[in-house]
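Asks:
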């Protein structure tokens, strides 16, 4: 059955109430009953929940074959927790495990082995990269992987589509009853936003920390009220890979040109006024937009009310300069962001539900004015792909892309027209991860295209000197330079389902032929 | 059927899985599945949830006859919200309403009218006083009122025994999407701990504020993710009655003697060491214990790790003097507490679930070392009554009493032996609100009794010069002074069920004959 972004979704996937994508606001204002976990109540005095080892915790929760375990990705490429826990589960002989994590990184190649040997049979994630992406793309996972946005993951948890049996939550600091924080310790990641839903919805919650602190560890991102056990290990991550050095602006003139154009697009739109809200991705051109916004804010004597999202140095800089009232933070990319969320009382941690879930009564993304996002590909319907590479292999992450695009008044995608020998602007993206109806403006190094649905923005931009083109013109330029791309050698079998944030099926990813 | 505190519970109440009380830890470590609300999901951009009037909000949530509405009691005797909302509901012609509030005060006499005329048919609360207490005690409410501790209320919500159709949450400050805080505004109450469960578990959540602030109102005690509508009114409360002037210590020599003895009891017990945790009630002798603790802390060179509970000036004073590491706060009784939770980074708001619920994986009360509590009556089994007056009429509140008593290592009840012409220490309390098994020591102005279950504490206190007596001796002294009390003129009909914190039936309150 074809969905609203013109993708053919196999009927055999449309079971258990699963529907095809029918537009971003198909489920707006609909009512549903949340699910809830099965929890062990503690009525008596308790001195400690600390267990000696991860194995003890796996035993204590009554682990069984076929269970679903969850993890967060605040430790990014520095994470040790996923591998540590999965190694123990596998060594204890458990099988048919599903991993439902907020994201996986290249530090999790070990999981590819467990997929290959059949121990891990299910994977639900936002990011998928490295050997895991290859294993899934080559059909090694027993069931189709389910790929979701950050908000979509919380929705799936809140609506019961993923039921977490055991959440293993790595925490930079924790106390003996499980009050846990992203702040402090040896593996400081700033916030624990992604783990909030896991703690609230998993039947069993195990905190894994390398820094046990005095009770009570306040303020806590994860409350003792949701924690069954605490395990103290030597190291939960590699600090250097958890928070990188301060993010710096790209020096690539092409990136800077696009960033400047993004800022000028914003300047020309009606939402560019005192108190606007703003989010930008962490990529080169997106991040550099901050640099060009600063003089504009000063020129007009305005400031932002709030900055949202994964945070790095440029956002903190705007806050510190008084050009933004506050930051609402779901992830920290660099040490500057980590320091700021520790020390600046105007820099607030929020949960991923608060950030981006479409299944609550309004996330922060629903109140965004502007978001600047990257793309691996964008097509002439403005559909964006951020999950499959030019070879058709899974190596990306929708993350907050579909959530912010859906919620913001003005979503600007910025990308060079060509990367290597690939047309970024194309006829049809390999995989739709963000529907084109949510993308308002495309900024490339060869010109700027406005989604025809946004005639209001087109009229506003026509009053500027910005180089406007149609998206078809941009695609034609791209194809004239690198040629029309050949179709990728996909087989029939669906290896991953790309869910829209409301749980409908936006696209599927099929098995790719091994490179010959 | 008789329960574990020897009370006869009518069989007709033991339906729908309701059981008699079988000991405080009967349900410890048992597993249950939480309930969850039915919520309206918002996937699209949204600018505001503000509606012009309370009536508009009642219409917008689709209000119907027979619904259950909830309120919090952070505005104490200064609350305007309960009456404002109920008046509107009644004027709109709705009937068969159940009120499920965290507590009611004497400012809610209007509700007695709605009980008398049959508009309000159910009442679930912790505190019940004034005309409402009289109306219920005289059999005017159609169904038995259900009385719970603060933790028991959260449990009942989490286990689905009370399902809130609409939570009306008064908030000193809120923004246009519903991020709400107990801090700031015209009716500053410091924290919104009691409303947390309502926001998370009600099908519809309406914020009522008199101070709309810029978005985002961070940090928020109630998140926009749980809020459907926001209504701005002129005044949500009387500030002078919300937070009183700084609580001062009693000057009554009898109170001071008892308070000194409480502190000396603590000093003699094994938990009196660096890092102990502490909670005290807001009554005269309880509060005065702080005064006698201070020199002891200094003498031994120790300090408390954390102070819990409803907070007033004496706790803030200990924090400010460095004699406590932090405060975890569920309610603010005076302006000093309100100021402190605003300004002191070591003074933290916690939810009532975190404070006291027996249905999560451990509340703060479960980690308490000491709690000092008052009593209207205490009997020779150490059972405490804090709900019915000497005339058998409802005029009290279990509050956190049963929760802290159950969780603390050492629960000390302090009360004068006699009040007016009534024996406080008696053969059988009128109503059991805290089971005697949770009470360890009784301090009166005529001597100190240790619960025989705590031989360890008895031995420790026998090494001191404190005036030890048995509880029977204390009761005999009381009766020798004021005589043996006459039985109260109760009728058969049950007008209120006193639930233990785990939801079992601890006692019932029967209709009282009108005074002749």
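Protein chains in written order, with my numbering: chain F, 776 to 1291; chain P, 776 to 1291.
Just so it is clear, CB atoms sit at the ideal spot from N, CA and C, and this is done for glycine as well.
CB residue 1263 (chain P) to CB residue 1167 (chain P), shorter than 8 Å?
Replies: Yes, the pair counts as a contact, with Cβ atoms nearer than the cut-off.
Asks: For residue 971 (chain F), go through chain P and note every residue whose CB falls closer than 7 Å to its CB, in chain order.
Replies: Near residue 971 (chain F) there are no residues of chain P at all, since even the closest Cβ is about 11 Å away, more than 7 Å.
Asks: Quick one: what does DSSP say residue 1194 (chain P) is sitting in, helix, strand or coil?
Replies: In this structure, residue 1194 (chain P) counts as strand in the three-state DSSP scheme.
Asks: Do three or more CB pairs link the region 933 to 943 of chain P to the region 835 to 851 of chain P at distances below 8 Å?
Replies: Enough Cβ pairs lie closer than 8 Å, so yes.
Asks: Would you please verify whether the beta carbon of residue 831 (chain F) is less than 8 Å from any beta carbon of chain P?
Replies: Answer no: the Cβ-Cβ gap between residue 831 (chain F) and chain P never drops below 8 Å.
Asks: Would you grab the beta carbon distance between residue 1249 (chain F) and residue 1200 (chain F) for me? Rounded to a whole angstrom, and I think it's under 8 Å.
Replies: Contact holds; Cβ gap of about 5 Å.
Asks: If you measure from the beta carbon of residue 1044 (chain P) to each beta carbon in chain F, is any gap under 8 Å?
Replies: So no, residue 1044 (chain P) is outside the interface.
Asks: Say whether chain P places a C-beta atom closer than 8 Å to the C-beta of residue 814 (chain F).
Replies: It does; some Cβ of chain P falls within 8 Å.
Asks: Can you tell me where the alpha helix (DSSP H) with residue 1178 (chain F) in it begins and where it stops?
Replies: From DSSP, the alpha helix (DSSP H) with residue 1178 (chain F) extends over 1176 to 1182.
Asks: Give every residue of the same chain whose Cβ lies closer than 8 Å to the Cβ of residue 1130 (chain P), excluding the five residues on either side of it in the sequence, and list them in chain order.
Replies: Correct list, in chain order: 925, 926, 968, 1083, 1084, 1103, 1105, 1138, 1139, 1140, 1175, 1178.
Asks: Would you please verify whether the beta carbon of residue 999 (chain F) is less than 8 Å from any beta carbon of chain P?
Replies: With 8 Å as the cut-off, residue 999 (chain F) counts as an interface residue toward chain P.
Asks: If I measure Cβ to Cβ from residue 1155 (chain P) and keep anything under 7 Å in the same chain, skipping five residues before and after, which residues do I get?
Replies: The answer, listed in chain order, is 1202, 1246, 1247, 1250.
Asks: Report the three-state DSSP secondary structure of residue 813 (chain P) (helix, strand or coil).
Replies: Strand, per DSSP.
Asks: Taking the alpha-carbon of residue 819 (chain P) as reference, which of F:1265, F:1274, F:801, F:1239 has the nearest alpha-carbon?
Replies: Nearest of F:1265, F:1274, F:801, F:1239 to residue 819 (chain P), Cα basis: F:801.
Asks: Which chain F residues sit within Cβ distance under 8 Å of residue 990 (chain P)?
Replies: Within 8 Å Cβ-Cβ: 1080, 1081, 1142.
Asks: Rounded to a whole number of angstroms, what is the C-alpha to C-alpha distance between residue 910 (chain F) and residue 1231 (chain F)?
Replies: Their backbone Cα atoms lie some 45 Å apart in a straight line.
Asks: Measure the alpha-carbon distance for residue 872 (chain P) versus residue 986 (chain P) and round it to whole angstroms.
Replies: Roughly 29 Å between the two C-alpha positions.
Asks: Kindly say whether residue 1138 (chain P), judged by its beta-carbon, lies nearer than 8 Å to any beta-carbon of chain F.
Replies: At least one chain F Cβ lies under 8 Å of residue 1138 (chain P).
Asks: Any chance you could list the beta strand (DSSP E) runs of at least 3 consecutive residues sitting entirely within the region 935 to 966 of chain F, in chain order?
Replies: Counting whole runs of 3 or more residues, the region 935 to 966 of chain F contains the beta strand (DSSP E) stretches 941 to 946.
Asks: When the distance is taken between beta carbons, is residue 891 (chain P) closer than 8 Å to residue 915 (chain P)?
Replies: Result yes, Cβ atoms of residue 915 (chain P) and residue 891 (chain P) sit closer than 8 Å.
Asks: Please state if the CB of residue 906 (chain P) and the CB of residue 931 (chain P) are separated by a distance shorter than 8 Å.
Replies: No, Cβ-Cβ distance for residue 931 (chain P) and residue 906 (chain P) is not below 8 Å.
Asks: Does residue 1098 (chain P) get closer than 8 Å to chain F when you measure Cβ to Cβ?
Replies: It does not: the Cβ of residue 1098 (chain P) has no partner Cβ on chain F nearer than 8 Å.
Asks: Is there a Cβ from chain P that is less than 8 Å from the Cβ of residue 1032 (chain F)?
Replies: With 8 Å as the cut-off, residue 1032 (chain F) does not count as an interface residue toward chain P.
Asks: Which full runs of the beta strand (DSSP E) of 3+ residues lie inside the region 881 to 929 of chain P, going along the chain?
Replies: Runs of the beta strand (DSSP E) inside the region 881 to 929 of chain P: 895 to 900, 920 to 922.
Asks: Buried or exposed: where does residue 899 (chain P) fall if 16 or more other Cβ atoms within 10 Å of its Cβ makes it buried?
Replies: Its Cβ being crowded by 16 or more others within 10 Å, residue 899 (chain P) is buried.
Asks: For residue 992 (chain F) and residue 950 (chain F), which I take to be in contact (beta-carbon distance under 8 Å), what is that distance rounded to the nearest angstrom?
Replies: Correct: roughly 4 Å between the Cβ atoms.
Asks: Is the Cβ-Cβ distance between residue 997 (chain F) and residue 853 (chain F) less than 8 Å?
Replies: Not in contact: residue 997 (chain F) and residue 853 (chain F) (Cβ atoms no closer than 8 Å).
Asks: Enumerate in chain order the residues of its own chain whose CB-to-CB distance from residue 1291 (chain F) is below 6 Å, with the five nearest sequence positions on each side excluded.
Replies: At residue 1291 (chain F), the pLDDT of 48 sits below 50, so the modelled position is not reliable; the number obtained from the coordinates is stated separately. There are no such residues.
Asks: Counting Cβ pairs closer than 8 Å, one from the region 1071 to 1079 of chain P and one from the region 1093 to 1101 of chain P, do we hit at least three?
Replies: Counting Cβ pairs under 8 Å, three or more are found: they touch.
Asks: Just how far apart, CA to CA, sit residue 1210 (chain F) and residue 1061 (chain F)?
Replies: Cα to Cα, residue 1210 (chain F) sits roughly 19 Å from residue 1061 (chain F).
Asks: Quick one, which residues of the region 1163 to 1193 of chain P are near chain F if we go by CB-CB under 9 Å, in chain order?
Replies: Under the 9 Å Cβ criterion, the region 1163 to 1193 of chain P contributes 1181, 1182, 1183, 1184.
Asks: Residues of chain F with CB closer than 8 Å to the CB of residue 743 (chain P), please, in chain order.
Replies: The displayed coordinates of chain P run from 776 to 1291. Any statement about residue 743 (chain P) would go beyond what the structure contains.
Asks: Are the CB atoms of residue 971 (chain P) and residue 1126 (chain P) within a distance shorter than 8 Å?
Replies: Taking 8 Å as the Cβ cut-off, residue 1126 (chain P) and residue 971 (chain P) qualify as a contacting pair.
Asks: Taking Cβ positions, are residue 785 (chain P) and residue 1270 (chain P) nearer each other than 8 Å?
Replies: In this structure, residue 1270 (chain P) does not lie closer than 8 Å to residue 785 (chain P) by Cβ.
Asks: Evaluate the contact criterion for the region 782 to 798 of chain P versus the region 1271 to 1279 of chain P: three or more CB pairs, one atom per stretch, below 8 Å.
Replies: With the cut-off at 8 Å, the region 782 to 798 of chain P and the region 1271 to 1279 of chain P touch.
Asks: Which residue comes first and which comes last in the beta strand (DSSP E) that contains residue 1075 (chain P)?
Replies: Counting along the chain, residue 1075 (chain P) falls outside any beta strand (DSSP E), though it belongs to the alpha helix (DSSP H) covering 1059 to 1075.
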